[in-house]
Amino acid sequence: MATRKTRKKPNISPEELKHYYHDMLLIRRFEEKAGQLYGMGLIGGFCHLYIGQEAVVVGLEAAAEKGDKRITTYRDHGHMLACGMNPDGVMAELTGREGGYSKGKGGSMHMFSKDMHFYGGHGIVGANVPLGAGLAFADKYLGSDRVTFTYFGDGAANQGQVYETFNMAALWQLPVIFVIENNQYAMGTAQNRSTSTPDIHTRGQAFGIPGEAVDGMDVLAVKEAGQKAVDHCRSGRGPYILEVKTYRYRGHSMSDPAKYRTRQEVQKVREEKDAIEHVKDLLLAGKHASEGELKDIDKKIKEIIAKSAEFAKTSPEPNTSELFTDVYTAA
Amino acid sequence: MATNILMPALSPTMEEGTLAKWLVKEGDSVSSGDILAEIETDKAMMEFEAVDEGLIGKILVDEGTEGVKVNSPIAVLVEEGESADCAAAPVAAAPEIASVDKTQSSAAPEVPDAKAVMPVQVEPDWPDGTEFKSMTVREALNSAMAEEMRSDETVFVMGEEVAEYQGAYKITQGLLEEFGSKRVIDTPITEHGFAGIGVGAAWGGLKPIVEFMTFNFAMQAIDQIINSAAKTNYMSGGQLGCSIVFRGPNGAAARVAAQHSQDYAAWYAHVPGLKVAQPYSAADAKGLLKSAIRDPNPVIFLENEIIYGKSFDVPVLDDFTIPFGKARIWKEGDDVTIVSFGIGMSYALEAAEKLSDDGVSAEVIDLRTLRPLDYDTVISSVMKTNRCVTVEEGWPVASIGNHVSAVLMERAFDYLDAPVICCAGKDVPMPYAANLEKLALTSTDEVLEAVKQVTYR
């Protein structure tokens, strides 16, 4: 196995490291289970797994405060788990059941929790970017100091509405953090074949929006950059762009034949850069946790996931009367 | 514990596949993420990864086997030191897809009972003795917004030229002065972006009024209107309603040609999750816009440039609203029902007057809102007159008139003495030349001709 680079940051408490380890592993195990249930035909349609990118949301959630909002695209399972939504409700939405967050009407790509300030889960690439700026607009209008994390991918970063939004967000100094999760592939098109400049975070310069790139396989670096972005936004200095360089291990969706990259490329990132292994190394090397302790965490997570899968299988399908509900909100 | 590895579904449509190649053999140790096999689906050759760790105890399906059903066991995964023989018999743990109660699932969308049309009580829109004031449609729309902005701090207006320019068509005149730049916001010329910001702001607790300089430009924003504003409440199981009004002039103006002269009534009326209004009179413009702003759902509010300057009597009432889904009968009659909305009403009313001179009594119905649409008022009228003509400026294919006609056929077939005739714009992009433009729109003469046909005169 290749040597992993140590990227240890000082002054991180063992509790914080364990928390990152737990949350990232929860997402990975959840996604592996989702992939399995898809294979069994229990999850239908499109299903986009977050495996490999876990450090992005876990690091940024560590920089968020209560009441901050988040909105993302269709690769959304990780965001929901990281902001504290119940794995049972997420998994049951994947299987299209009554116990899902959208009562089974949204599916993998369209899930929401107003209680947890998670505004979706959007299936149209790029559309969530103005929506996120709109949430931030509302906070500013209402005099709240909450910020909105607006996540999108390197693919979405080429949509026109993203730049319409950059312009207005800068013009109106909206408290929105644009998080570009650059996993290097827009579906199957490599960044260098779809995007004219390699550094997407510099695209805010034209609008006067500060931006920086951060190693998205290092949860500590993501948290640190996230904190800086949050401080900037919360203090009323307008939008901020974070380009988080990450990597997706699985296909774009479950039906991705992965012809556009080599198995070796994926394997190399897994072996040398994996975010979860990185934190595990830090925990063990710093003697913050024993192998046994980590095994216990793993075991607990497996139980949570097994329970969510069970819930997702046994929760009933939505009552057929639900077909006609929620089209409109009652006045 | 030994577990079966099942043939996976690797695409939304896959039911069986070919196990092209095993990349592991019996006795190999595997962990999560390792490639176990290559599987050919209905679409492509896919790699199949392990989820659990363990040893490959037994391979049950040889490579090269075609037609392997999804969910049938293809191998047995065992733990260290365990024998594959103790694995569960190779019977696929069939996925417990909850069976659908057939009696429930066959419940079709509410198909209205053909004959069950309640006689419509024509309730007046305002109490007897109400005073009136003459007002243009422009003034009525402006006062509706101002009144709602005074009573609700979360209502704001955004759009191109709504503030300092005072509105491209002066609908927002004076609002900046009264409410300030926080609530009357000039946007850059970026419909797609600001429509999305409006929807997000509505989810964040505000009540945006998004003005499109004309609805032609809303084509740039239609994804946000439909995919985000209209569908999210449903997709979120009722969590994210979107209280927003998209308003602006719609349909043909005068001599602005094809890209600036389209009527979108039928487009938006097609979409569940949206409400759609297209008023004709100033009173309706005011009452419906106030209702639209208060509505917790996304409302498409279609105005018309040609009638902005037309004056009507508007009731002088402190808080005057018109509910959605209630048509207005402008003129009662017995011989034919003329159904229209928006600027189409000017042809309908003019035709009715001429018909009356010729001794034909036409009942004229203004739908006012197209979603919800007041079917009952139309049907009870047709049950009385037995004939119907619809009037609109939009294109004739899949028009509002087509829809009304279809509903009449389904629900009032036995009452029809003639086929319904739909007067609509011509099936061409709007020409610029004055004479051609006139021909492209519908006209009072066409309505009169249609009435002649359905009354067999």
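Sequence order for the protein chains is A and B. Taking this note's numbering, the leading residue of the first sequence gets 1, the next gets one more, and so forth. Taking this note's numbering, the leading residue of the second sequence gets 1001, the next gets one more, and so forth. Note that beta-carbon positions come from the ideal geometry of N, C-alpha and C, so glycine has one too.
Using the DSSP secondary-structure output, state which residues sit across from R1328 (chain B) in a beta bridge. B:D1366
For Y74 (chain A), count neighbouring C-beta atoms within 10 Å of its own C-beta (all shown protein chains included) and say buried if the count is 16 or more, exposed if not. buried
Along chain B, which residues have their Cβ under 8 Å away from the Cβ of Y249 (chain A)? G1033
Straight-line gap, M1464 (chain B) to M187 (chain A) (C-alpha atoms, nearest Å): What is shown of chain B runs 1001 to 1457, which leaves residue 1464 (chain B) out entirely.
To which residues of the same chain is L49 (chain A) closer than 7 Å at the C-beta, ignoring the five residues directly before and after it? E31, A34, G35 and R250
Given a limit of 8 Å on CB to CB distance, which residues of the segment 17 to 42 of chain A reach chain B? E32, K33, G35, Q36, Y38, G39, M40, G41 and L42
Distance cutoff 8 Å, beta carbons only. Does V90 (chain A) sit that close to anything in chain B? no
Between the segment 1204 to 1219 of chain B and chain A, which residues of the former have a C-beta closer than 7 Å to a C-beta of the latter? G1204, G1205 and L1206
Please tell me whether I1222 (chain B) and V1157 (chain B) are closer than 8 Å, where the distance is taken between their beta carbons. no
Along the segment 1294 to 1326 of chain B, what residues have a CB closer than 7 Å to any CB found in chain A? D1295, P1296 and N1297
Cβ separation of A1440 (chain B) and P1431 (chain B), assumed to be a contact under 8 Å, to the nearest whole Å: 6 Å
Is H77 (chain A) near V56 (chain A), with beta carbons less than 8 Å apart? no
Grab the span of the beta strand (DSSP E) containing S308 (chain A) for me, first residue to last. No beta strand (DSSP E) holds S308 (chain A); the alpha helix (DSSP H) holding it covers E291 to T314.
According to DSSP, is V1451 (chain B) helix, strand or coil? helix
Determine whether the Cβ of L1439 (chain B) lies closer than 8 Å to any Cβ atom of chain A. no
Those residues which DSSP pairs with R270 (chain A) across a bridge: According to DSSP, which records beta bridges pairwise, R270 (chain A) is partnered with nothing at all.
On the premise that R1387 (chain B) lies in contact with V1454 (chain B), defined as a C-beta separation below 8 Å, what is that separation, rounded to the nearest angstrom? 4 Å
Going along chain A, which residues have a C-beta under 7 Å from N1071 (chain B)? M40 and G41
Counting only beta-carbon atoms, is S102 (chain A) nearer than 8 Å to chain B? yes
Residues of the segment 1397 to 1416 of chain B whose Cβ lies closer than 9 Å to any Cβ of chain A, in chain order: none
Under the three-state DSSP convention, the category S1105 (chain B) falls into: Unreliable positioning characterises S1105 (chain B) in this predicted model, as indicated by a pLDDT of 40, which lies under 50. A coordinate reading is not provided.
Quick check on DSSP: helix, strand or coil for G1129 (chain B)? coil
Going along chain B in order, which residues have a C-beta closer than 7 Å to the C-beta of G45 (chain A)? P1012
Among B:K1290, B:K1207 and B:R1247, which residue has its Cα nearest to the Cα of M1145 (chain B)? B:K1290
Assign P1127 (chain B) to one of two classes, buried (16 or more other C-beta atoms within 10 Å of its C-beta) or exposed (fewer than that). exposed
Using a Cβ cut-off of 8 Å, pull out every chain B residue sitting near Q160 (chain A), in sequence order please. A small correction: the amino acid at residue 160 (chain A) is Gly; Gln does not occupy that position in the sequence shown. Ordered by position in chain B, the residues that pass the 8 Å Cβ test against G160 (chain A) are H1192.
Beta strand (DSSP E) segments (min. 3 residues) lying fully within the segment 1369 to 1401 of chain B: 1369 to 1371 and 1388 to 1391
Short CB-CB distance (under 8 Å) between K1021 (chain B) and chain A: no
Within the 8 Å Cβ cut-off, does Y1234 (chain B) reach chain A? yes
Reducing DSSP to helix, strand and coil, say where M24 (chain A) ends up. helix
What does E1040 (chain B) pair with, by DSSP beta-bridge criteria? B:T1018 and B:M1045
Measure the C-alpha to C-alpha separation of T6 (chain A) and H278 (chain A) and round it to an integer number of angstroms. In this predicted model, T6 (chain A) has a pLDDT of only 49, less than 50, meaning its place in the structure is not dependable; the value taken from the coordinates is given anyway. Between T6 (chain A) and H278 (chain A), the C-alpha separation is close to 8 Å.
How big is the Cα-Cα spacing for D1028 (chain B) and L1055 (chain B)? 6 Å
Count the other CB atoms, across all protein chains shown, that sit within 10 Å of the CB of V1030 (chain B); report buried if there are 16 or more and exposed otherwise. buried
If I measure Cβ to Cβ from V1199 (chain B) and keep anything under 7 Å in the same chain, skipping five residues before and after, which residues do I get? Q1224, S1228, A1229, C1242 and I1244
How should E1305 (chain B) be labelled, buried or exposed, when 16 other C-beta atoms within 10 angstroms of its C-beta is the threshold for buried? buried
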